[in-house]
Each structure stands twice: as structure tokens, then as C-alpha cells.
Amino acid sequence: MTYEVPRKFPTTVVGSYPKLPPAKEALRRLRKGLASEEEVRPLFEEAIKGVVEDQLWAGIDIISDGEQTREDMVVYFAERVKGYMPGEWVKIFDNVYFRKPIIYDRVEWTRPLTVQDWLTATRYSKGRPVKGILTGPYTMVEWSFDLYYKDRYEAIIALAREIRKEIEALVEAGAKYIQVDEPALSTRPWREEAEIAGEALKILFNGIEAKKIVHICFGRVEEILPYILDYPVDQFDLEFKNSNFRLLPYLKEYGYNKELGYGVIDVHNTQVESVEEILRDIERLMNLGILPPEKVYVDPDCGLKRLPRDVARMKLRNMAEAARIAREQW
Amino acid sequence: MIVWGMVLGGYPRSRLARYALRDAERGSIPYLELHKRIALASAEIIGAQKAAGLPVVVDGMVDWHDIFRPFIRSWRNVSVNGLLRYFDNNFFYRIPVFTGEPDIIEPVWPQRVREYSLLADPATLKVVLPGPLTLAKMSEHPGFRDEEIADLVANLLSREVSLVQEYGVYVQIDEPILSDRKATRDDATLAVDLASKILGPVSDRGIFAVYFDFPSKQVLEKLLEVKARYLMLDIEDSPARARENAVPLTGHVPVVGIVDGRRIHTDRLSDTTVSIVKALAEETDEVVVTTTTWMDLIPYRYALKKTSILGEIVRELASRVGGEVRTLWR
Ligand SMILES: [Zn+2]
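Protein chains in written order, with my numbering: chain A, 100 to 429; chain B, 1413 to 1742.
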């Protein structure tokens, strides 16, 4: 089965989706040590199937597995890459904590970590492409403790070399879209940081035959933007809605001309954006006259995991409908 | 040259403190029980600092969810909203929202000072206050300009100081926002004016702290005017910037952030660090070693370890600069 992704305004997602009940149950059993990954696999498969069905119902063109097996975007990989050990509790907000992982030895990728979920999603996707989605090396290092490498640069480059193996495995499995998430990059929007992340991306993507995407969100993206435009990627996927499209004039100012993942859905707000509202927001971008509709991928600001499932579904549905109408307009 | 040490600010929560807050949130323990457990957790933290020979100690502020919260909760016309990233940390604070002129319902520090000064003895307790500029810039205050809110906040903080000054405590004002690379000379002027007003009555024991990065030259120049005997700068977060921008802190005792408060490796005193300290301390015969930032974002065990490391770095620095150590016990 093949599916024709629309040429203009294809719709997509950033990655995570609310955890469906079977995934919640599976994660609970894993956390309590009541079951092995193999034993809970059917629960995860059921959850991924549900996530895919929601996205098909909403009319999304390029979908994701909803990151149902990942409790946290950094911890999931840290627990599975050699050289990492589980950390101790560190505050994330209020009285809520996460186990911040520790790099204690040379990092080493030993097996594919996301391919199985990608294959499961692909099995139910009725031909629609599924994005391969990974946490980038810059964010992995920023949100871990490091007791092994000489400095951050060395750690980031070492992780990039290992994460590349996951990208190769995804591409070999058939992934046509690879997205690397680097939310930490917007927290230090300085040239020297952008350069480190850029080096890492070269290692990740050099010679990879797939659509290469980097997702950055929530922070001072406008400050980092001028330093990242020459990254070896096809597309930046950025948050716009939550920051009230503050970033738009900067795209024009810096002569942005790559493909753009255009975030038009606020993932921190349960109010569902109407079709008209999303259309107006698409119009804002188009009125700048900097990108043709073929280069605009319509999607939410970030992962949807914190929203109730019904809200996430409706947001995606309205988004897809708005993109459909926009295609007639531009 | 006299060299001594103190921890900059808050500690992470031990298991005891985490569970106490959790139980209190669930309503399963009465307020007095929470208070008792938090006091026990704080006593352990104070004890660790005394064991490391630190003449000035913090209570750890383990009951504070973030630096603003206890104040926001005890002021009229302010509430908290959603979460926002706190500087470049993977930690989120709740955004204060001012709906009118704030006023004190119940001061934060007097009761703490009464209780913890006794535990601290013979060490001296340090009171930590959020800087008015940082709070103004990191909060929402429709209808007020940043300067107006900063000014109102400064008035309330002055009252906190007037209520605790008879206890002989040290008082520290944290203005981490001045380390931001976008911070202007005007920002520094405002922060310095307000801090001088707040610390005026206790300026001999007053500390003005800027951390998360080393400030720019133009900001640092302005900081020299603050009416506080002690001026704290974060060296280790960016030694290259510190080396480039360091000047003699004329009229102040340098408080140098050397022990990395956000990472867990065992700190060593490098030649670069020693030369930066010498540059800052060129015109003084006293220097204070501290942590680069608060230690609340590393696991508890490491914060205790860093406390002893701080004691050792004090001794090492003293020997490197041919100085004399001042510890709690002699
Ligand atoms: Zn995101």
C-alpha cells in the first residue's frame, strides 16, 4: 500500500502522543519490575495501534508511533545505551523528580532502540509514512550528568557517533523521514553552542538518504536561529503557536529557505484550535512570502503527550482540515 | 589573604524532605509533622556545612519549590501560573503573576531565622532573597512595567531584612538574570540600586550574587557600585568568559563560584581558576569560595559531597595564594 503525501502543506506530528491505557499499564509493570520488555510488548503494540488509528482518523499525512514506549525522551535512550547508568532523583518542578541519567563510561549503541516501534506503527499506518524520531546528542548530554568525558563537546560528539547507528537502522528498515529532537538547544542560544550541535548533526546525517529534520522548541529560538541555518538538514521543525508567532519576522530577517515544520497547535493548552484559527495562522506565514506551500509542513508546536487524548485527536483533526483548505487556497 | 567558604544557596531534598512534602500535599500528615520533618532535613544540611568548616551556612531552603515561590505565597495580589524553564536548566519554575500591588501577608524569613540560627550556631545563618529585577523579568504583571514591579518587590524585601537584621545574619540577593548575555547596563543599574537599598542596613554582611554564567564587562562594571561587602560571581560555568571579563572587584570581597553546583564530578582547582580569583581579588585581603549556583538540581548525596569538597577547595586555594584559612572552628 502506498500513500501519496500531499505536495503542499503536508501535515505531521512532532512525535509524542498521550500515553494510551495499555502503554501506561506496560510502563507501570516495567517500572515496578513486574514484567520484562518482551512480556509487555503486546500492550505497547496495542497502544501504538491506537495512536496510529487516531492520527489516521484525524487525517495526518506523516505520522509517528506516539513514543508510547518512552517514559522520558532522555531516560529512554540512556537506559538502553551502554556507558550510561540510572541516576538518582533530581527535581524537575515543584516536588516532582526524574532520575537524571549519568554517563560513567564510553557510550556505546548496542542494538536498535526505536526500530521495533517504528515497524509496529508502519504496520498499521495504511501506507502513510512514519517518522523515525530520536533525541539528539546535544540534548542527551545537556540533560544527563557526565562523569566520563573530558568535556561536553567530547561527550556530544561521542553520542552523535552512536546515535547515528540508530538512524542507519531506521533508514535500513525503510524510514523516509528522520527527526532529531534538540529542545536543549534553545536554552543556550549562543553561537558556540550552535556550532557544537552543528558538528554533531553532521556526524548524524552525513550521507543519510532520508528527509532530515531537527525539532527545537520552547526557548529563545529566535536567538539561535541565525547560527543554525547552515545545518546539514532539510527541515527545521519549530514551535510558533505557544509564543504567538514571535518567530515569524525573524524567518524573513534571516532569509529562511529550508523546509519548515510549522507549529500551529499549542500543546500546553487544552483549548482546541478551530479550523479558521489554524487557517489564519497558516496565512500569517504565507503572507510573509518567504516559503512556497511545498516547503511548509503543518504540525503542532511539540509532542502532544501532556494533553488528554480527546483533545489531542481533535486538535490534529482541525489541523488536517485547515491544511486541506489551505491547499485549495495556495 | 583570608580564605573561607560558604554554599551559595538551596540544597536538593533528601528522601525525608521529598516524602514529607508529598505526604503533606496528599493531606496525610498535619502541618506540624511536615514542619518537624523539614526541620530535621534542614538540620542535616546545616550539619554538613558545619562539618566542612563553613563559617556561614544556609538552611538549604528545601521546602521552597523555586526561589520565588515562598515569597509569592506570602504576598497579597500575586499568584502562580504555568511552568517555565528556569534559565538553561532542565528545571521549571512557576511563573508569578501580579494582579495588583503586592503586600506582605506573612514575612518569609523571621521564623526561619529564629529556628535555624540556633541550629547554625556557632556558624552564622545566611538569608537568601530573590533579586527584584530577576523576579520582575521572570513574572507576568499586566499593567505594570518591569521597573515598577521590581521597585514594589524591593520594598517588601527591605521589610524582610528589617525583621531579621537584629539576628546578625548574612543577607544575599540573587540576580542571576544579570548573567544573561542580553542583560544591559540599565538592567544592572536598576538591580544594583534596588539591592543597595535592600542591603543598606546590613551591607557589611550583604552579598550580591550573579550566576549561571559570568556577566559581561559592562554589567560587571556597574555591579561594582552595589552597596554590599560581598560580590559573588560564577566562574566555573564559563571560565573562558570569566578570564576575559574579570577585573579587580574594587571595594568588595570576591565570592567566587568554583565548586560546580550543577554537575556531579569531583571538582579540582585549576590554574585558570586560581588566576581568575587572583585577578578578582587583586585589591582585597579576603576571598570567599562558594558553589557556582544553588545545588538543588543535583542528587542529595552529591550535594553533601560537594559541601566537603568546598571545604577542601578553601584550603587548597589558601595554600595556592599564600593565604590563611578561616574555618568555623578557628
Ligand atoms: Zn518540543
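Idealized CB from N, CA, C, for every residue including glycine.
Under 8 Å Cβ-Cβ, which residues of chain A neighbour residue i?
i: H1447 of chain B; result: Within chain A, no residue comes near H1447 of chain B; the closest Cβ sits about 16 Å away, beyond 8 Å.
i: L1635 of chain B; result: Within chain A, no residue comes near L1635 of chain B; the closest Cβ sits about 21 Å away, beyond 8 Å.
i: H1553 of chain B; result: What H1553 of chain B touches in chain A: nothing, since even the nearest Cβ is about 18 Å away.
i: R1593 of chain B; result: W289
What are the start and end residues of the alpha helix (DSSP H) that includes residue i?
i: P348 of chain A; result: 347-352
i: M413 of chain A; result: 408-428
i: S1731 of chain B; result: 1712-1732
i: S1440 of chain B; result: Unbroken run through S1440 of chain B: none, as it is neither H nor E.
i: G360 of chain A; result: Counting along the chain, G360 of chain A falls outside any alpha helix (DSSP H), though it belongs to the beta strand (DSSP E) covering 358-364.
i: R1675 of chain B; result: That residue, R1675 of chain B, is in no alpha helix (DSSP H); it is neither H nor E in DSSP.
i: F176 of chain A; result: 174-177
Residue i lies in the beta strand (DSSP E); which residues open and close that run?
i: T1702 of chain B; result: 1698-1703
i: K1538 of chain B; result: 1536-1542
i: M1644 of chain B; result: 1642-1646
i: S1687 of chain B; result: It is not in any beta strand (DSSP E) - S1687 of chain B instead sits in the alpha helix (DSSP H) that spans 1683-1692.
i: T1511 of chain B; result: 1504-1516
i: Y396 of chain A; result: 395-399
i: W1416 of chain B; result: 1414-1417
i: N386 of chain A; result: Counting along the chain, N386 of chain A falls outside any beta strand (DSSP E), though it belongs to the alpha helix (DSSP H) covering 374-386.
i: R1488 of chain B; result: 1487-1497
Please confirm whether residue i has its beta-carbon closer than 8 Å to some beta-carbon of chain A.
i: E1437 of chain B; result: yes
i: F1483 of chain B; result: no
i: F1503 of chain B; result: yes
i: L1495 of chain B; result: yes
i: P1424 of chain B; result: yes
i: L1722 of chain B; result: no
i: D1515 of chain B; result: no
i: R1524 of chain B; result: no
i: D1708 of chain B; result: yes
i: R1680 of chain B; result: no
i: R1430 of chain B; result: yes
i: R1727 of chain B; result: no
Using a cut-off of 7 Å between C-beta atoms, extract the partners of residue i located in chain B.
i: E187 of chain A; result: P1711, R1713
i: R287 of chain A; result: D1500
Taking 8 Å as the CB-CB limit, is residue i close to chain B?
i: H367 of chain A; result: yes
i: K190 of chain A; result: yes
i: N194 of chain A; result: yes
i: F317 of chain A; result: yes
i: W156 of chain A; result: no
i: W242 of chain A; result: yes
Given that residue i touches chain B, what residues does it touch there, using C-beta distances under 8 Å?
i: L246 of chain A; result: I1676, H1677
In chain A, what lies closer than 7 Å to residue i by C-beta?
i: L1433 of chain B; result: N194
i: H1664 of chain B; result: The premise fails here: H1664 of chain B is roughly 28 Å from chain A at the closest Cβ pair, so nothing lies under 7 Å.
Task: Segment contact flag, the region 409-424 of chain A with the region 1449-1456 of chain B, C-beta cutoff 8 Å, min 3 pairs - done: no
- [ ] Mind listing, in chain order, the continuous alpha helix (DSSP H) runs of no fewer than 4 residues lying wholly within the region 266-353 of chain A?
- [x] 290-304, 320-327, 347-352
- [ ] Please determine if the region 1437-1448 of chain B and the region 134-149 of chain A are in contact, where contact requires at least 3 C-beta pairs separated by less than 8 Å.
- [x] no
Open item on the list: Quick check for students: name the residue ranges of the beta strand (DSSP E) that lie wholly in the region 1531-1614 of chain B, counting only runs of 3 or more.
Closed with: 1536-1542, 1582-1586
Open item on the list: Using 8 Å as the cut-off, can you tell me whether the region 1672-1684 of chain B makes contact with the region 1705-1717 of chain B, which would need three or more C-beta pairs spanning the two stretches below that distance?
Closed with: yes
TODO: Please go through the region 184-255 of chain A and give each complete beta strand (DSSP E) segment of 3 or more residues, from N-terminal end onward.
DONE: 188-192, 195-198, 201-207, 231-234
- [ ] Could I get the ranges of all uninterrupted alpha helix (DSSP H) runs contained in the region 1623-1671 of chain B, with 4 residues as the minimum, in chain order?
- [x] 1629-1635, 1651-1657
TODO: Count the CB pairs spanning the region 1483-1492 of chain B and the region 1517-1527 of chain B that are closer than 8 Å, and state whether there are at least three.
DONE: yes
- [ ] Entirely within the region 112-157 of chain A and at least 4 residues each: give me those alpha helix (DSSP H) ranges in chain order.
- [x] 120-130, 136-157
Open item on the list: Using a Cβ distance threshold of 8 Å, determine whether the region 252-269 of chain A contacts the region 183-192 of chain A, with at least three qualifying pairs required.
Closed with: no
Task: Touching by the beta-carbon criterion (3+ pairs, under 8 Å), the region 273-288 of chain A and the region 197-210 of chain A - done: no
TODO: Say whether the region 1525-1541 of chain B touches the region 1489-1507 of chain B, bearing in mind that this needs 3 or more beta-carbon pairs closer than 8 Å, one atom from each stretch.
DONE: no
TODO: Determine contact between the region 1681-1690 of chain B and the region 385-400 of chain A, defined as no fewer than three beta-carbon pairs at a distance below 8 Å.
DONE: no
TODO: Specify whether the region 1424-1442 of chain B and the region 190-201 of chain A touch according to this definition: at least 3 beta carbon pairs, one from each stretch, less than 8 Å apart.
DONE: yes
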